[in-house]
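Peer 1: Throughout the sequence shown, residue numbering follows UniProt numbering, covering 1 to 434 in sequence.
Submitted below is the structure of interest, expressed as structure tokens.
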Amino acid sequence: MNRLLTALFAVLSLLSLQPAMAAVKLTPIYANEASNWPLETFAANGLFRQIAHYQQGHPQAIVLNSGEYSLDQLAQQLGPRTLSHSDTGWTLHYPLVIGPGARLTLSDSNLFIEGRHGGCLINRGELVIEHSTITSNGDRSSGFIHGWGGSTTRILNSALIALGRADYRANGVSVARHRYQDSGAPARLYIVDSQFRNLYRGLDAEAGSQVSISGLTVSGSREQGLVLQSSRARIERLVVSNAGGHGLRAGGYAALDLKDSVLRHNAGSGILLENHNGEVHISSVTSENNLEYGAQIKSLRGQHTTLMKALTLRNNGSDGLRLDGSMEVSIEEANISHNQRYAISIQAAPGHEVNGSMSNLRLHKNHLAALQTSGEGKLEISGVSLRHASNRGKYLAGNLADQEADVLPPLLQGKKVAIRFTEMLPTSPLASLQ
Numbered sequence: 001m002n003r004l005l006t007a008l009f010a011v012l013s014l015l016s017l018q019p020a021m022a023a024v025k026l027t028p029i030y031a032n033e034a035s036n037w038p039l040e041t042f043a044a045n046g047l048f049r050q051i052a053h054y055q056q057g058h059p060q061a062i063v064l065n066s067g068e069y070s071l072d073q074l075a076q077q078l079g080p081r082t083l084s085h086s087d088t089g090w091t092l093h094y095p096l097v098i099g100p101g102a103r104l105t106l107s108d109s110n111l112f113i114e115g116r117h118g119g120c121l122i123n124r125g126e127l128v129i130e131h132s133t134i135t136s137n138g139d140r141s142s143g144f145i146h147g148w149g150g151s152t153t154r155i156l157n158s159a160l161i162a163l164g165r166a167d168y169r170a171n172g173v174s175v176a177r178h179r180y181q182d183s184g185a186p187a188r189l190y191i192v193d194s195q196f197r198n199l200y201r202g203l204d205a206e207a208g209s210q211v212s213i214s215g216l217t218v219s220g221s222r223e224q225g226l227v228l229q230s231s232r233a234r235i236e237r238l239v240v241s242n243a244g245g246h247g248l249r250a251g252g253y254a255a256l257d258l259k260d261s262v263l264r265h266n267a268g269s270g271i272l273l274e275n276h277n278g279e280v281h282i283s284s285v286t287s288e289n290n291l292e293y294g295a296q297i298k299s300l301r302g303q304h305t306t307l308m309k310a311l312t313l314r315n316n317g318s319d320g321l322r323l324d325g326s327m328e329v330s331i332e333e334a335n336i337s338h339n340q341r342y343a344i345s346i347q348a349a350p351g352h353e354v355n356g357s358m359s360n361l362r363l364h365k366n367h368l369a370a371l372q373t374s375g376e377g378k379l380e381i382s383g384v385s386l387r388h389a390s391n392r393g394k395y396l397a398g399n400l401a402d403q404e405a406d407v408l409p410p411l412l413q414g415k416k417v418a419i420r421f422t423e424m425l426p427t428s429p430l431a432s433l434q
């Protein structure tokens, strides 16, 4: 009896060290939202059609219900039509859903997500990608990675190439909270020292998400570089180049902290904050050679903190810095030069004001004036270096143009100057604060 118990204990101990077979299975998937919400979004955008061409039957997905897995461990429980291996690495042919409580780790791996077969990674648990390369088709059938609320996705020292397509939540790497997840933990995305190349969008974060980036290069995005909507984001050492749209676009109600970053050669603006509310801290950022603005804030921000420090905005196709709507903005140390329109253009919304404190500005050789204003607002300016691209050029434009003779002398003398700009006839245009 003792021998039997000992043998049974040994078998149970051995089994406890292995992932349970029932934790990995092929599961039929349906477009019914209530029973299959993690996949219903993708059923609506064409995923089922892609699956049907390859699976030749009712669509199925690989589902990890629990446990921790590598690709090798998964392959032991799946056939090669779902996850295959060759000399060049792994190929995922089926949708793979990481359930709550499950973890998939790709370490020192090469994975091709075959989007034409319906391959994709959908995370509800934990996905870790480290020292790995993930690629896909790079066209309208490309696979993608998406994390739902409550999930954690970590991308460390890895390269993601040619993922994403123009379908909802299938843009490349995305995180969001589903409407059935109106409460609970956010979708969390952590990226460290990685590269995204030729994704439809480098990153797409929707409401209910949190994003942390410390070292990411995004190049050749077919649409925009990064899109953040009501998602808290802390970003440092970001480089976005050659995107088909804006380098970084943010909106909604969330805090944004961006520093030590470069956005260049993008087909839109380097940075666009549109209908964005929440604290904004931008420091040590260069935005240059973009087709539109170096940076644009287009929002009724009210009293939300808007702090920009150590900016370089140069050689952009429109204004270096464009401020639209209403806000209280502080700019400390900025080189805004050689832009095709104004260095700084301010357009206050009707019935609102744009108020700002600006110091230590280098505004050199912009094609039009250094500062243009319309609407209502107040500015405090000090420490400005001005150079115009033309000897006949003016430094002030818009409803400040008539004040240039009064404003320029104290500015050039290094004094702090308070300026009120308005659409009404000025009564006391200038007050020296020194």
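By construction, the Cβ of each residue, glycine as well, lies at the ideal position given by its N, Cα and C atoms.
1) Report the CB separation of LEU256 from ALA233 in whole angstroms; it is logged as a contact under 8 Å.
2) I'd like to confirm the pairing. Which residues does DSSP put opposite THR91 in its beta bridges?
3) Under 9 Å, do PRO28 and GLN60 count as touching if we go by C-beta distance?
4) So, is HIS131 buried or exposed, given that buried needs 16 or more other C-beta atoms within 10 angstroms?
5) Going by alpha carbons, who is nearest to SER158 out of ASN110, ARG140 and ARG116?
6) Indicate whether TYR293 and LEU272 have their beta-carbon atoms separated by less than 9 Å.
7) Quick check on DSSP: helix, strand or coil for ARG49?
8) Candidates ARG169, LEU226, SER86 and ALA243: which alpha carbon is nearest ILE235's?
9) Relative to the alpha-carbon of SER382, which residue among THR373, LYS394, GLN413 and ASN290 has its alpha-carbon at the smallest distance?
10) Checking 9 Å against the spacing of the C-beta atoms, do HIS117 and GLN55 come in under that value?
11) If you compare alpha carbons, which of ALA205, GLN224 and ILE62 is closest to ALA23?
12) Would you decide whether SER107 is buried or exposed? Buried here means 16 or more other CB atoms lie within 10 Å of its CB.
13) For the segment 118 to 144, list the beta strand (DSSP E) runs that are entirely contained and at least 3 residues long, ordered along the chain.
14) Out of ASN123, SER84, ASP139 and LEU163, state which residue places its alpha-carbon closest to the alpha-carbon of LEU64.
15) Is the CB-CB distance between GLY164 and SER183 below 9 Å?
16) So is TYR180 buried or exposed if we call it buried at 16+ other beta carbons inside 10 Å?
17) For the segment 314 to 330 and the segment 288 to 306, state whether three or more C-beta atom pairs, one from each stretch, are separated by less than 8 Å.
18) Compare the Cα-Cα distances from LEU313 to each of GLY351, MET327 and ILE344 and report the closest residue.
19) In terms of alpha-carbon separation, which member of ASN399, LEU408 and HIS85 lies closest to MET424?
20) With distances taken between CB atoms, is the gap from GLN340 to SER374 smaller than 9 Å?
21) Do you know offhand how far PRO429's Cα is from PHE42's?
22) From the DSSP output, in three-state form, read off ASP402 for me.
23) Within a Cβ cutoff of 6 Å, which residues of the same chain sit near LEU386, ignoring the five residues on either side of it in sequence?
24) Within the continuous beta strand (DSSP E) that includes ALA334, where are the two ends?
25) Over the uninterrupted alpha helix (DSSP H) stretch that includes ASP260, give me the two end residues.
26) Kindly indicate the opening and closing residues of the alpha helix (DSSP H) around LEU74.
27) Which residue's Cα is closest to the Cα of LYS365: HIS388, LYS378 and SER359?
28) At what residues does the beta strand (DSSP E) containing HIS281 begin and finish?
29) Using CA coordinates, which residue listed in GLY245, ALA250, HIS265 and ASN275 is at the minimum distance from ILE282?
30) Determine the DSSP secondary structure at GLU40, reduced to helix, strand or coil.
31) Going by DSSP, which residues form a beta bridge with ASN29?
32) In chain order, what residues of the same chain lie with their CB nearer than 7 Å to the CB of THR422, ignoring the 5 residues before and after it?
33) What does the alpha-carbon distance come out to for the pair ILE297 and HIS367?
34) Opposite ASP193 in the DSSP bridges: which residues?
35) Once you ignore the five residues that flank THR306 on each side, which residues in its own chain have a CB closer than 6 Å to its CB?
36) Going by the DSSP bridge assignment, what does LYS378 pair with across the sheet?
Peer 2: In short:
1) Locating residue 256 in the sequence shown gives position 256, where the first residue counts as 1. Locating residue 233 in the sequence shown gives position 233, where the first residue counts as 1. Correct: roughly 5 Å between the Cβ atoms.
2) Taking the sequence shown and counting its residues from 1, the one referred to as residue 91 is at position 91. Paired residue(s): SER84 and PHE112.
3) The sequence position of residue 28 within the sequence shown is 28, counting from 1. The sequence position of residue 60 within the sequence shown is 60, counting from 1. With contacts defined as CB atoms closer than 9 Å, PRO28 and GLN60 qualify as a contacting pair.
4) As a working note, residue 131 is residue 131 in the sequence shown. Exposed is the call here.
5) Taking the sequence shown and counting its residues from 1, the one referred to as residue 158 is at position 158. Of ASN110, ARG140 and ARG116, the residue nearest in Cα terms is ASN110.
6) In the sequence shown, counting from the first residue as 1, residue 293 sits at position 293. In the sequence shown, counting from the first residue as 1, residue 272 sits at position 272. Taking 9 Å as the Cβ cut-off, TYR293 and LEU272 qualify as a contacting pair.
7) In the sequence shown, the residue the question calls residue 49 occupies position 49. Three-state DSSP puts ARG49 in a helix.
8) Here residue 235 refers to the residue found at position 235 when the sequence shown is read from its first residue. Answer by Cα proximity: LEU226.
9) Here residue 382 refers to the residue found at position 382 of the sequence shown. Closest option to SER382, Cα to Cα, is GLN413.
10) Counting from one through the sequence shown, the residue named residue 117 turns up at place 117. Counting from one through the sequence shown, the residue named residue 55 turns up at place 55. A contact, by the Cβ cut-off of 9 Å.
11) As a working note, residue 23 is residue 23 in the sequence shown. Comparing Cα positions, the closest option is ILE62.
12) Residue numbering aside, residue 107 sits at position 107 when the sequence shown is read from its first letter. With fewer than 16 other Cβ atoms within 10 Å, it is exposed.
13) 120 to 123, 126 to 130 and 133 to 135
14) Position 64 of the sequence shown, counted from the start, is the residue given in the question as residue 64. That would be ASN123, whose Cα lies nearest to the Cα of LEU64.
15) Translated into the one-based positions of the sequence shown, residue 164 becomes position 164. Translated into the one-based positions of the sequence shown, residue 183 becomes position 183. Contact: no.
16) For this step, residue 180 is matched to residue 180 along the sequence shown. Exposed: under 16 other Cβ atoms inside 10 Å.
17) yes
18) One-based indexing of the sequence shown puts residue 313 at position 313. That would be ILE344, whose Cα lies nearest to the Cα of LEU313.
19) Along the sequence shown, one-based indexing puts residue 424 at 424. Among ASN399, LEU408 and HIS85, the Cα nearest to that of MET424 is on ASN399.
20) Locating residue 340 in the sequence shown gives position 340, where the first residue counts as 1. Locating residue 374 in the sequence shown gives position 374, where the first residue counts as 1. No, the Cβ-Cβ distance between GLN340 and SER374 is not below 9 Å.
21) For this step, residue 429 is matched to residue 429 along the sequence shown. For this step, residue 42 is matched to residue 42 along the sequence shown. Residue confidence for PRO429 is low, a pLDDT of 48 falling below 50, so the modelled location carries little weight; the figure read from the coordinates is stated next. Using only the alpha carbons, I get a separation of about 58 Å.
22) Along the sequence shown, read from residue 1 onward, the residue named residue 402 stands at position 402. Helix.
23) Taking the first residue of the sequence shown as position 1, residue 386 is located at position 386. Non-local beta-carbon contacts of LEU386 in its own chain, meaning distances under 6 Å to residues more than five positions away in sequence, involve LEU363, ALA370 and TYR395 in chain order.
24) Translated into the one-based positions of the sequence shown, residue 334 becomes position 334. Where ALA334 is concerned, the enclosing beta strand (DSSP E) stretches over 321 to 337.
25) For the purposes of this step, residue 260 is taken as the residue at position 260 of the sequence shown. Run containing ASP260: none in the alpha helix (DSSP H); it sits in the beta strand (DSSP E), 256 to 264.
26) Against the sequence shown, residue 74 aligns to sequence position 74. Residues 71 to 75.
27) Taking the sequence shown and counting its residues from 1, one reaches residue 365 at position 365. Looking at HIS388, LYS378 and SER359, the one whose alpha-carbon comes closest to that of LYS365 is HIS388.
28) Stepping through the sequence shown from its first residue, residue 281 is reached at position 281. That run of the beta strand (DSSP E) goes 280 to 288.
29) As a working mapping, residue 282 is identified with position 282 in the sequence shown. Cα-wise, what sits closest to ILE282 is ALA250.
30) For the purposes of this step, residue 40 is taken as residue 40 along the sequence shown, with counting starting at 1. In this structure, GLU40 counts as helix in the three-state DSSP scheme.
31) Looking up residue 29 in the sequence shown gives position 29. Here the sequence assigns Ile to residue 29, which means Asn is not the residue at that position. Per DSSP, none; premise fails for ILE29.
32) Against the sequence shown, residue 422 aligns to sequence position 422. Taking THR422 as the centre and dropping the five residues before and after it, the same chain places the C-beta of GLU376 and ASN399 closer than 7 Å to its C-beta, in chain order.
33) Translated into positions along the sequence shown, residue 297 becomes position 297. Translated into positions along the sequence shown, residue 367 becomes position 367. Between ILE297 and HIS367, the C-alpha separation is close to 21 Å.
34) Taking the first residue of the sequence shown as 1, we reach residue 193 at position 193. Secondary-structure assignment with DSSP links ASP193 through no beta bridge to anything.
35) As a position in the sequence shown, residue 306 is number 306, starting the count at 1. If we look at THR306 and ignore the five residues flanking it on each side, its Cβ neighbours are VAL280, MET327 and VAL329.
36) Taking the first residue of the sequence shown as position 1, residue 378 is located at position 378. ASN355 and ARG420, per the DSSP bridge assignment.
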